[in-house]
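Structure first, then comments.
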């Protein structure tokens with residue numbers, strides 16, 4: 001018997017008056033978050049939601065998210081978190097594909113009309129019977145979207161206590177959709193056991209204090225933010241400072257004001273912090289408080305690691321995982337040597353190996369594709385037995401990520417297998433090129449992709465954000481690259497940009513660059 005909602009239940013029981021969530025001037029206790037989650041569970045049961053039914057939530061990092069998330073779990077239902085950037089057609093696809101019976105959706109802003117998209121998707125997905133609108137103004141008395149049901153009005157009269165539905169560790173807790181870089185997005189079924197074990201294991205990977213404060217800039221609809229920040233934070237009764245959208249100036253202000261000591265981010269967030277012209281006083285305050293710095297979600301450039309160390313005195317602990325692995329599979333543990341550029345060692349209860357295209361084990365250094373086995377592996381892709389069979393064999397999940405391994409068992413990501421460039425029959429790994437490009441003083445950020453070429457098949461192209469104030473031409477950078485790389489590797493094409501396209505989680509969208 002295990003229900004992931006025990007995280008909030010236990011925290012509310014032990015530290016009821018502690019701030020669980022901070023958002024702007026709003027400070028909400030663990031007791032309050034748990035009480036609203038109970039009301040959400042009572043609401044769902046009253047509307048006929050059965051254990052195992054899917055209930056979707058579309059919300060930025062707002063207090064609504066943990067309230068609804070744990071309320072769904074308490075009712076024995078399955079949480080389907082939706083990316084807030086989805087368009088109406090995409091919302092409709094996710095609701096229909098997951099068989100969602102209800103949707104909780106933030107009404108949004110003029111710049112990001114989430115609620116409108118949610119309602120459009122809800123109307124097109126006939127089986128989604130209930131649409132609860134999460135208002136931007138908690139005092140609102142009427143829903144901003146016609147036909148929607150206002151969240152607080154729906155909760156009126158619902159009891160503040162609820163006995164969580166008994167679920168098994170093998171029951172699905174969350175259906176998390178992959179980014180869909182190839183084909184339609186697929187829903188990874190993560191169990192209560194997957195999610196609980198991963199939160200507990202992740203919690204043990206870095207030191208804690210009697211009362212930690214987390215900066216929550218990673219989207220909670222994404223598995224990294226959900227497990228490693230929200231669930232780990234609640235497991236250790238931390239205070240979660242919510243950031244709906246990462247902007248470096250606002251993040252710096254909160255790091256200082258709230259005396260944040262734990263921050264997990266993706267590489268682009270860390271890069272932005274190193275590139276920002278933060279005042280000396282703010283740098284000193286962040287350095288004094290920041291105890292744990294974690295990076296994941298994408299490969300972390302060595303130059304960013306050096307930049308964070310130089311500016312804030314913090315050693316970034318880099319980890320590795322995927323939606324399908326709940327997510328943590330490997331980590332640079334503080335009790336072992338940290339190796340820059342490495343994703344570390346497999347975490348407790350998890351195995352990694354390198355395989356070829358035929359699932360055969362590759363011994364020694366590699367490279368090879370990472371395969372993972374352990375308590376963190378999903379049940380499978382929802383309603384996709386063929387895709388599940390392609391991805392999982394004998395308990396091993398193949399990741400699509402290429403890596404090398406040193407003689408001490410540390411793994412180093414080479415690249416995504418689909419991102420690898422084949423130029424004239426030679427394999428070119430974009431991450432290697434990006435790492436070296438970022439050592440040039442005029443290069444602040446680099447993204448390398450393959451573009452079609454008549455004779456070579458693919459050509460190497462680099463998209464570059466310059467260091468502020470730097471002057472360099474495309475020809476100069478190409479000439480410099482020619483000196484750094486083998487002839488088949490160096491970028492023949494360079495394009496300077498003010499910004500690069502990114503996902504809501506801060507990953508560079510290479511498919512758009514391609």
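In the UniProt record's numbering, the protein residues as written are 1 to 514. All C-beta atoms in this analysis are idealised placements derived from N, C-alpha and C, irrespective of residue type, glycine included. Since we're looking at a predicted model, the values are computed, not measured.
Asked	Found
Bridge partners - residue 396, DSSP secondary structure assignment	393
Chain B contact for residue 222 (CB, 7 Å cutoff)	In the structure shown, chain B cannot be found, because there is only a single protein chain.
Residue environment, residue 484, which counts as buried when at least 16 other CB atoms sit within 10 Å	exposed
Alpha-carbon spacing of residue 164 relative to residue 45, whole angstroms	11 Å
Runs of beta strand (DSSP E) lying entirely within the segment 209-254, each at least 3 residues, in chain order	213-216 and 239-242
Cβ separation of residue 131 and residue 59, assumed to be a contact under 8 Å, to the nearest whole Å	With 8 Å as the limit, residue 131 and residue 59 do not qualify as a contact, their Cβ atoms being about 14 Å apart.
For residue 363 and residue 7, the rounded distance between their alpha carbons	40 Å
Within 7 Å, strictly: CB atoms of residue 75 and residue 49	yes
Proximity of residue 254 and residue 266 at Cβ, strictly below 7 Å	no
N-terminal and C-terminal residue of the beta strand (DSSP E) that residue 15 is part of	Where residue 15 is concerned, there is no enclosing beta strand (DSSP E), given that its DSSP letter is neither H nor E.
Residues near residue 136 by beta carbon distance below 6 Å, same chain, minus five either side	107
Span separating the alpha-carbon of residue 21 from that of residue 65	11 Å
Buried or exposed (CB count within 10 angstroms, at least 16 for buried), residue 79	buried
Residue 280 versus 358, 264 and 256, residue with shortest Cα-Cα distance	256
Length of the line joining the Cα atoms of residue 182 and residue 295	Any answer about residue 182 is weak, because its pLDDT of 47 lies below 50 and its placement is not dependable; what the coordinates show is given next. One C-alpha to the other measures close to 25 Å.
Buried versus exposed, by CB contacts within 10 Å (16 or more), residue 262	buried
Three-state class that DSSP yields for residue 181 in the structure shown	Residue placement at residue 181 cannot be trusted, given a pLDDT of 43 that sits under 50; the coordinates are not used to answer.
Backbone CA spacing between residue 348 and residue 201 [nearest angstrom]	7 Å
CB-CB length for residue 274 against residue 304, believed under 8 Å	6 Å
At least three beta-carbon pairs within less than 8 Å, the segment 114-121 to the segment 82-100	yes
Three-pair Cβ contact test at 8 Å for the segment 455-466 versus the segment 486-503	yes
Spatial neighbours of residue 2 in its chain, beta-carbon cut-off 8 Å, leaving aside the 5 residues before and after	167, 168, 169, 192, 193 and 196
Length-filtered (4 minimum) alpha helix (DSSP H) runs lying within the segment 107-188	114-124 and 151-155
Contact check, residue 103 vs residue 56, beta carbons under 7 Å	yes
Close beta carbons around residue 421, own chain, < 7 Å, minus the five adjacent residues each side	428, 430, 450, 458 and 460
With 16 other Cβ atoms within 10 Å as the buried cut-off, status of residue 138	exposed
Residue 351 versus residue 388 - alpha carbon distance	19 Å
Cutoff 7 Å; reference residue 507; Cβ partners in own chain excluding five residues on either side	266, 297 and 298
Same chain, Cβ closer than 7 Å to residue 248, neighbours up to 5 away in sequence not counted	272, 273 and 276
Other residues of its chain near residue 443: CB distance less than 6 Å, five sequence neighbours each side excluded	437 and 464
Environment of residue 184 [buried if 16+ CB atoms lie within 10 Å]	exposed
Closest by C-alpha distance to residue 42, when choosing among 225, 486, 67 and 238	67
Residue 204 in three-state terms, based on DSSP	coil
Reference residue 278; option with closest CA among 300, 308 and 264	308
Run of the alpha helix (DSSP H) containing residue 312, from where it starts to where it stops	302-312
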